[in-house]
Amino acid sequence: MVDDNVELTLVGLLREYGPAHASLTIEPGQTVREVVQELGFNPELVAIVMVNGRQKSKDHPLRPGDKVKLLPLVGGG
Amino acid sequence: MLNGYGGQVLRVNLTRGTIEKSELDPDLAKDYLGGRGFAAKVLYSELEKGVDPLGEANKLVVAAGPISGLLIPGSGKTTFAAKSPATGGYADSNVGGLLSAEMKYAGYDLIIVEGMSPEPVYLFIDDDTVELRDARAYWGQGAITAETALKKELGEDFQIALIGPGAENLVKFGCICHDFGRQAGRAGVGTVMGSKKLKAIAVRGRKSIPVADIGEFRRVGREMYDFCKASDGWDVWVRLGTAGVNVPSNEWGSFPTRNFQTGHFEDMSKMTGEYMRERIVVTDKACFGCPCACGKYSYTKKWDVRVEGPEYETAAFLGTDVGVADIEDVAYANYLCDELGIDTISTGNVIAFATECFEKGIITTEDTDGLALSFGDSEAVFELIKKIAKREGVGDVLAEGARHAAQVFGGDSSDFAMQIKGLEISGYESRDAPAMMLAYMTADIGAHHNRAWAITYDIEVGRDAVTPDKAAKVIELQHIRPLFDCLGGCRLQWVELGLPLDSYVPAMKAITGLDRSWEDLIHVAERVWNLTRAFWVREQPGFGREWDYPPARWYTDPVPTGPSKGKVVSKENVDKLLDMYYEQRGWDQNGIPTREKLDELDLDFVTV
């Protein structure tokens, strides 16, 4: 059921919390924030959310087939 | 021949009209590296104690670093420095672009401008030919207009740094502008240039820079570029630039809103980096040698102007901090500031301050030349920008900065004049971020974020914590980030793309031939930090802890709205942060470097 999945890329330090690239099954309408919480880390650690190459908020609802990239905040920079 | 350097120092005296060249001292290069390091050493050693920042005795320093002009990612920064007319203390401010590369190709690492010209002039540098030329025709012109005209007169291959009317009129936050919309914007380095009647510096260089091991340099440089281009963050950073931070900062509750009354703006739909990209960005713009063009060049149809930006800081201060929520209005205000040559951060900050004073009844239309002020009124913002640059009416008061304006306006306004040491606070509301607040309190030009961007550390380790590790992180960042300013480099490849810091070690070895460790380079950054602190101690009688306090709003008023609602850092915790910071720095409890610390850093010529 690949069509139900989103492709997730974790950048930089977020890879401590999950694989660099993963294909995840989501519930329709699940938000980025909810997906991050399911992966088991604090959504505040995510600085920038990109969905299909466009910046979105963490409360953006996802659709099957979306390509999601999460960039970390840098722990002091 | 000093590997990695142009090799010469240019000393220009505008009073006498003289130009001297000398060889760069290898010990200066070893002990201070370049850029901000050169600037701090020159200003501390050469300025007489207590000089008037706008008088003949102040000096303007322009400095490149050892990586400037070489193919290392982000090697396009130039430092400008002087005793600040805004704060009365140490100031340096840097600008990205192409200037320092051109300086070094002409053979100069350091330009020291002394004295004061009777008539407007510009400094013309074409390799070995250096002249002071008549600039009366350019005086009064906007920065973008005059840069265009100078390029027409001299040729496209000249790089130009110049001032606009704001700095000519001695607005205390006048910028030095470069490359059509970039600025060394903070603490009035442009104002010093204006006081000297130096309209511009135009440079062309056609020599090369000696490098110790060219093969190794190319290998290391290539590795650094490859890393940046392969970074997963690269496409995001190029797409959005610093405006990509608008959304997360607002989500953190740190986006300055209505004169820092809060840190969260309600409707960001026309303020996001994504909206800006789709609506107004025309193309990307990079500095010298940069693989990740974070500059955005925009056109707003609404106002029919082209502008570089708006950057994150400008979106905060000509946007939400003055209550404006449309990036196109921000872009027009940005254009006005760029052409008039005044700092968008300080300009927006003082306008926000005046607006809060007006809404609270501390000032009225009698004080504002009949202009009614309210948050969100972009037309009033445009009007005030022009008044400030011309020093007209209330603009003349605001042109002196928030600290001074609070003294004039009276009431309790100094409690919410959002400045530290006389410099307007930049774009992070910090009542829910104690490390970031400490970074602002202790930044060595006044409240600026670029010495330590510690807010992300607050979020990572727990925002309420007031613990020694936060002071340690601020100190660590206050060495790493200013080290980039010594090298002539940009830190964004490290911060945003994760370029490893230790990649600069083999790069520096290949360039200079000197085998220096990362710790050794950081030691230089610590030396410079203590030297700039000593500059403040020397120049400001009674300098100490009181100078590091934030405005009362930050330790008395809990944040009223947004994700940080109810948060404030108590005065007790403000002092606790300073106690921990001073102790870890090896300073006394009044924040003065000890003799022992100064000796450890080979600062034996410094007296405190």
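First to last, the sequence lines map onto chains A and B. If you read the first sequence in our numbering, its first letter stands for residue 823, the second for the next number, and so on. If you read the second sequence in our numbering, its first letter stands for residue 59, the second for the next number, and so on. All C-beta atoms, glycine included, are put in the ideal place defined by N, C-alpha and C. Quick caveat: nothing in here was measured; it's all calculated off a predicted structure.
In chain order, what residues of the same chain have a beta carbon less than 7 Å from the beta carbon of residue i, not counting five sequence neighbours either side?
i	result
Lys891 of chain A	Thr831, Val833 and Met872
Met251 of chain B	Leu118, Ile221, Ala225 and Ile234
Thr76 of chain B	none
Ile517 of chain B	Trp310
Leu228 of chain B	Leu112, Thr249, Gly252 and Ser253
Leu60 of chain B	Leu82, Pro84 and Ala87
Gly602 of chain B	Asn648, Gly649 and Ile650
Ser175 of chain B	Leu72, Lys254, Lys255 and Leu256
Arg521 of chain B	Asp490 and Ala491
Gly46 of chain B	This structure does not reach residue 46 of chain B, given that chain B is present from 59 up to 666, and the question cannot be answered.
What's the C-alpha gap between residue i and residue j?
i	j	result
Ala475 of chain B	Gly123 of chain B	36 Å
Leu636 of chain B	Gly62 of chain B	38 Å
Gly898 of chain A	Thr500 of chain B	Reliability fails at Gly898 of chain A, whose pLDDT of 47 lies under 50, so the model's placement of it is uncertain and no value is given.
Lys655 of chain B	Ala491 of chain B	29 Å
Gly556 of chain B	Ala351 of chain B	16 Å
Val179 of chain B	Leu112 of chain B	17 Å
Ala493 of chain B	Ile513 of chain B	6 Å
Leu589 of chain B	Glu534 of chain B	17 Å
Asp85 of chain B	Arg549 of chain B	25 Å
Ala592 of chain B	Asp881 of chain A	48 Å
Met823 of chain A	Asp290 of chain B	Note that Met823 of chain A has pLDDT 47, beneath the 50 cutoff, so the model's placement of it is unreliable and no number is given.
Gly377 of chain B	Trp361 of chain B	16 Å
Gly232 of chain B	Tyr355 of chain B	22 Å
Leu68 of chain B	Lys79 of chain B	5 Å
Ile218 of chain B	Gly547 of chain B	19 Å
Val278 of chain B	Ile259 of chain B	33 Å
Glu189 of chain B	Trp197 of chain B	18 Å
Asp646 of chain B	Leu541 of chain B	24 Å
Leu895 of chain A	Asp427 of chain B	45 Å
Thr423 of chain B	Leu429 of chain B	6 Å
Gly468 of chain B	Leu442 of chain B	20 Å
Met329 of chain B	Gly485 of chain B	15 Å
Val553 of chain B	Tyr283 of chain B	15 Å
Once you ignore the five residues that flank residue i on each side, which residues in its own chain have a CB closer than 8 Å to its CB?
i	result
Asp826 of chain A	Thr847, Ile848 and Pro886
Gly644 of chain B	Pro651, Thr652, Glu654, Lys655 and Glu658
Ile267 of chain B	Gly62, Tyr63, Gly64, Gly127, Leu128, Lys162 and Tyr163
Val532 of chain B	Ala493, Leu496, Ala497, Thr500, Ala510, Ala512 and Tyr639
Arg363 of chain B	Just to set this straight, residue 363 of chain B is Val in the shown sequence, not Arg. Cβ within range, chain order: Tyr357, Ala389, Tyr390 and Tyr393.
His537 of chain B	Ile580, Ala583, Glu584 and Trp587
Thr614 of chain B	Asp473, Val626 and Lys629
Show which residues of chain B have a CB atom less than 8 Å away from the CB atom of residue i.
i	result
Thr831 of chain A	Asp290
Along chain A, in chain order, which residues have C-beta atoms closer than 8 Å to that of residue i?
i	result
Gly331 of chain B	Gln877
Glu584 of chain B	Near Glu584 of chain B there are no residues of chain A at all, since even the closest Cβ is about 17 Å away, more than 8 Å.
Would you say the beta carbon of residue i comes nearer than 7 Å to a heavy atom of the ligand GTP?
i	result
Gly377 of chain B	Inclusion of the ligand GTP in the displayed structure is not the case, the ligand content being empty and no account of it being possible.
How would you list, in chain order, the residues of chain B whose beta-carbon sits under 9 Å from the beta-carbon of residue i?
i	result
Lys891 of chain A	Asp290, Gly291, Asp293 and Val294
Gly834 of chain A	Ser289, Asp290, Gly291, Leu555 and Gly556
Grab me the residues of residue i's own chain with a C-beta within less than 6 Å of its C-beta, minus the 5 sequence neighbours each way, in chain order.
i	result
Trp605 of chain B	Lys479
Phe433 of chain B	Arg316, Gly381 and Thr413
Gln852 of chain A	Leu884
Thr372 of chain B	Asn392 and Thr402
For a contact meaning CB atoms closer than 7 Å, what does residue i contact in chain B?
i	result
Glu772 of chain A	With chain A represented from 823 up to 899, any question about residue 772 of chain A goes unanswered, as that position is not in the structure.
Ala869 of chain A	Pro306
Quickly, what does DSSP pair residue i with across the bridge? List them, please.
i	result
Leu893 of chain A	A:Ile870
Phe22 of chain B	Lying before the first or after the last residue shown, residue 22 of chain B is absent from chain B, which here runs from 59 to 666.
Pro14 of chain B	No answer is possible for residue 14 of chain B: it lies beyond the span of chain B, which begins at 59 and ends at 666.
Cys235 of chain B	B:Leu220 and B:Gln241
His843 of chain A	A:Thr831
Leu68 of chain B	B:Lys79 and B:Ile169
What residues of chain A sit near residue i, judged by a beta carbon separation below 9 Å?
i	result
Leu545 of chain B	The premise fails here: Leu545 of chain B is roughly 17 Å from chain A at the closest Cβ pair, so nothing lies under 9 Å.
List, in chain order, every chain A residue whose beta-carbon is nearer than 7 Å to that of residue i.
i	result
Gly302 of chain B	Ile870 and Gln877
Glu369 of chain B	Neighbours of Glu369 of chain B on chain A: none; closest Cβ ~16 Å, over 7 Å.
Leu298 of chain B	Gln877
Does the CB of residue i have a neighbour CB from chain C at under 8 Å?
i	result
Glu309 of chain B	Of the protein chains in the structure, A and B, none is chain C.
Please determine if the region 568-585 of chain B and the region 264-284 of chain B are in contact, where contact requires at least 3 C-beta pairs separated by less than 8 Å. Counting C-beta pairs with one atom in each stretch, the region 568-585 of chain B and the region 264-284 of chain B have three or more that are closer than 8 Å, which means they touch.
Do the region 571-585 of chain B and the region 156-171 of chain B meet, that is, are 3 or more Cβ pairs less than 8 Å apart? Fewer than three pairs of CB atoms, one per stretch, sit closer than 8 Å, so the region 571-585 of chain B makes no contact with the region 156-171 of chain B.
Does the region 464-481 of chain B come within contact of the region 131-150 of chain B, defined as at least 3 CB pairs closer than 8 Å? Contact between the region 464-481 of chain B and the region 131-150 of chain B is present, because at least three Cβ pairs lie under 8 Å.
Meets three-Cβ-pair contact criterion under 8 Å: the region 303-313 of chain B and the region 614-628 of chain B: The region 303-313 of chain B is in contact with the region 614-628 of chain B.
Would you say the region 414-433 of chain B touches the region 388-406 of chain B, given that touching needs at least three Cβ pairs under 8 Å? No, the region 414-433 of chain B is not in contact with the region 388-406 of chain B.
Are the region 375-382 of chain B and the region 400-413 of chain B touching, with three or more C-beta to C-beta distances below 8 Å? The answer is yes - the region 400-413 of chain B touches the region 375-382 of chain B, with three or more Cβ pairs under 8 Å.
Would the region 442-451 of chain B count as touching the region 398-407 of chain B if we require 3 or more Cβ pairs under 8 Å? Taking 8 Å as the limit for Cβ pairs, the verdict is that the region 398-407 of chain B does touch the region 442-451 of chain B.
Given 8 Å, three or more beta-carbon pairs between the region 131-143 of chain B and the region 342-351 of chain B: Contact between the region 131-143 of chain B and the region 342-351 of chain B is present, because at least three Cβ pairs lie under 8 Å.
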